[in-house]
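*Asks:* Numbered by our numbering, the letters in the sequence shown go through residues 129 to 313 in order.
For glycine and all other residues, C-beta sits at the position ideal for the given N, C-alpha and C.
If you're wondering where the values come from, they're calculated on a predicted model, not measured in any experiment.
I have a structure here, written as structure tokens, and I will follow up with some questions on it.
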Amino acid sequence: MSDEQLIEKILSGDREAFRLLMEKYQQRVFHVAMGFVHSRQDAEDITQEVFIRVFRSLESFKEQSLFSTWLYRITLNCSINHVKKNKRRHILMDAGEGLMSLFNRDDEERNAHQQLEATEKERAIRKAIDGLPGKQREAFILSKYEELTQREIAAIMQTTEGAVEQLLVRAKKQLQKKLAHLVGN
Numbered sequence: 129m130s131d132e133q134l135i136e137k138i139l140s141g142d143r144e145a146f147r148l149l150m151e152k153y154q155q156r157v158f159h160v161a162m163g164f165v166h167s168r169q170d171a172e173d174i175t176q177e178v179f180i181r182v183f184r185s186l187e188s189f190k191e192q193s194l195f196s197t198w199l200y201r202i203t204l205n206c207s208i209n210h211v212k213k214n215k216r217r218h219i220l221m222d223a224g225e226g227l228m229s230l231f232n233r234d235d236e237e238r239n240a241h242q243q244l245e246a247t248e249k250e251r252a253i254r255k256a257i258d259g260l261p262g263k264q265r266e267a268f269i270l271s272k273y274e275e276l277t278q279r280e281i282a283a284i285m286q287t288t289e290g291a292v293e294q295l296l297v298r299a300k301k302q303l304q305k306k307l308a309h310l311v312g313n
């Protein structure tokens, strides 16, 4: 069933159609949210918030764009708002996780060292992505986490494909610069 048919059924009161729409897009919304918050629980909360907003405002959806484009825009907005609202809490949690990884050593020192090294690399990558300017970060997450085309990203971000290409080029350059120490350059 197409998105248009599902939306029509939802607007006529069919709750089963909304469940089908959610099932169709839930993983995509979750992946985009994870690109912003890096926490399963937070991404699940954002996913839930996105679908609540979709349900409440579906009547206002103008079929001038694809439903998925509208949905990704809502997902980006919810994710960005969540990050802004919880920035301080995440800084404290990251510090706590680092300390816990030092105290919760595995049976071998070498494994603990490798685990700590992997955790530090992952944290550096997340920090580098989080440090990208807003539009670059949005384009990068949609491109790498959702594997959307530049055309799809342009529609979601309400810009041109050329602008998206430039955002991605700049994001990659910044990430290469910030992460050069991880690959030994």
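Under the three-state reduction of DSSP, which class applies to Lys215: helix, strand or coil?
*Replies:* What you label residue 215 is simply residue 87 of the sequence shown in a count that begins at 1. Lys215 falls in the helix class under three-state DSSP.
*Asks:* Skipping 5 residues on each side, what residues in its chain have a beta carbon closer than 8 Å to that of Leu194?
*Replies:* For the purposes of this step, residue 194 is taken as the residue at position 66 of the sequence shown. Asp131 and Ala283.
*Asks:* Looking only at its chain, what residues have a beta carbon closer than 8 Å to the beta carbon of Lys249, apart from the 5 residues adjacent to it on each side?
*Replies:* On the sequence shown, residue 249 is found 121 positions in, with the first residue counted as 1. The residues are Leu310.
*Asks:* Indicate whether the contact test is met: 3 or more Cβ pairs, each with one atom in the region 274-293 and one in the region 205-214, closer than 8 Å.
*Replies:* Because the criterion of three Cβ pairs below 8 Å is not met, the region 274-293 and the region 205-214 do not touch.
*Asks:* What first and last residue would you give for the alpha helix (DSSP H) that runs through Phe268?
*Replies:* Taking the first residue of the sequence shown as position 1, residue 268 is located at position 140. Counting along the chain, the alpha helix (DSSP H) containing Phe268 begins and ends at Gly262 to Lys272.
*Asks:* Report all residues from its chain with a CB closer than 8 Å to the CB of Val160; omit the five preceding and five following residues, and keep chain order.
*Replies:* For this step, residue 160 is matched to residue 32 along the sequence shown. Closer than 8 Å at Cβ, skipping near neighbours: Tyr200, Thr203, Leu204, Ser207, Ile269, Leu270, Tyr273 and Glu274.
*Asks:* Does DSSP classify Thr247 as helix, strand or coil?
*Replies:* Here residue 247 refers to the residue found at position 119 of the sequence shown. The answer is helix: DSSP assigns Thr247 an H, G or I state.
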